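Q:
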DNA sequence: AACAACAATGCAAAAGATTATCATTTGTTT
DNA sequence: AAACAAATGATAATCTTTTGCATTGTTGTT
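Residue numbers (this note's numbering), protein chains in the order written: chain B, 44 to 184; chain Z, 44 to 184.
1. Could you check whether residue 109 (chain B) and residue 85 (chain B) sit closer than 8 angstroms to each other, using their CB atoms as the reference points?
2. What is the residue span of the beta strand (DSSP E) that residue 162 (chain Z) lies within?
3. Could you check if residue 44 (chain Z) is buried or exposed, using at least 16 other CB atoms within 10 Å of its CB as the buried criterion?
4. Please identify the residue among Z:141, Z:154 and Z:142 whose C-alpha is closest to the C-alpha of residue 146 (chain B).
5. Should residue 160 (chain Z) be flagged as near chain B, meaning a C-beta pair shorter than 8 angstroms?
6. Rounded to whole angstroms, what is the Cα-Cα separation between residue 68 (chain B) and residue 124 (chain B)?
7. Name, in chain order, the residues that DSSP records as bridge partners for residue 57 (chain B).
8. Just by C-beta distance, which residues in the segment 96-127 of chain B are closer than 7 angstroms to chain Z?
9. At 8 angstroms on the CB atoms, spell out the chain B contacts of residue 135 (chain Z), in chain order.
10. So what does residue 171 (chain Z) bridge to, in DSSP terms?
11. Going by DSSP, what residue range makes up the alpha helix (DSSP H) through residue 144 (chain Z)?
12. Does the segment 94-105 of chain B come close enough to the segment 129-143 of chain B that 3 or more CB-CB pairs lie under 8 angstroms?
13. Is it the case that the Cβ atoms of residue 116 (chain B) and residue 114 (chain Z) are separated by a distance below 8 angstroms?
14. On the CB-based measure, 16 or more other CB atoms within 10 Å of its CB, does residue 168 (chain B) come out buried or exposed?
15. Determine which residues share a DSSP beta bridge with residue 122 (chain Z) and list them.
16. When DSSP labels each residue in this structure, what does residue 178 (chain Z) get in the three-state scheme?
17. Measuring alpha carbon to alpha carbon, tell me which residue in B:91, B:163 and B:172 is nearest residue 175 (chain Z).
18. Measuring alpha carbon to alpha carbon, tell me which of Z:180, Z:149 and Z:50 ends up nearest residue 161 (chain B).
19. Pull up the distance between the alpha-carbon of residue 127 (chain Z) and that of residue 74 (chain Z), whole angstroms please.
20. For residue 62 (chain Z), count neighbouring Cβ atoms within 10 angstroms of its own Cβ and tell me buried if that reaches 16, exposed if not.
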């Protein structure tokens, strides 16, 4: 049950938090959601949660380490449930498709670079932008 | 002369554009500036340019390919004059220091990943976040 | 099961960054 | 110098996110 999960994080098991957790968990493939996306999904499920609360809860979840906030190009932040393994993103600027990858070589080089410049690395973000296969087909039209 | 440079880009040599170009060119080390930064610099130089114009001009310069817009963490965009060579960034989340690097291995891996997922890569952004040497010294206090 | 204590919520207002509108000014061409 | 189109400045508008505050809900305790 989600309420136990929340309590373990030191968060009260409130209805908004439980519902938002459900939305995020059940998001499946399209699991890169903006706060607005989450808010709309809640409304569609008949839940009456304020947008401000969505922002607050997402921020708390981020601090609790169960989701990651990304700053893709073009304005708003998108959130993604962590499923243990870190990964980077490659996204299509035409259709918005997102794929995930993990490249040990790159990870390793990043650490080496941080060392070389005297930084203790806390985080990093890598986004590759491009046009996906599907969109390249269509664009010929 | 900057006005010739602007004309070559297909842009009228207006006073605001010339002044903004000067600011950017003379920015030296701290050459990662937000629109607000540029605006303030203009005011300090006694130039009377509107903030809206700063945004417009920076966007035009970006489209003309003479500067790059970055989306660092935390809100606003920062702009940086292109000096030919592409590079990535490592930044200190404590003091805002920015260093630049280019790692051929990473560049290469990125291309390989794009290929593997069927994307034609158009762009990429890599930011490493950490605490720089100076800040680690101070933090002990 | 009711209660007090305090955290969480919802709404609306505020804030911050960026863009759009539009009358006026400026740069370019003739 | 005139004429035209493009650029500017001031302001309003937009969009995303945060904040203030009165009200409501959750939790550990009787």
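We treat Cβ as the ideally placed atom computed from N, Cα and C, and that holds for glycine.
Values in this document were obtained by computation on a predicted structure and should not be read as measured data.
A: In short, the structure shows the following:
1. no
2. Unbroken run through residue 162 (chain Z): none, as it is neither H nor E.
3. exposed
4. Z:154
5. yes
6. 7 angstroms
7. DSSP output for residue 57 (chain B) lists no bridge partner at all.
8. 114 and 116
9. 162
10. B:167 and Z:133
11. It is not in any alpha helix (DSSP H) - residue 144 (chain Z) instead sits in the beta strand (DSSP E) that spans 141-144.
12. no
13. yes
14. buried
15. Z:76 and Z:112
16. helix
17. B:163
18. Z:180
19. 15 angstroms
20. buried
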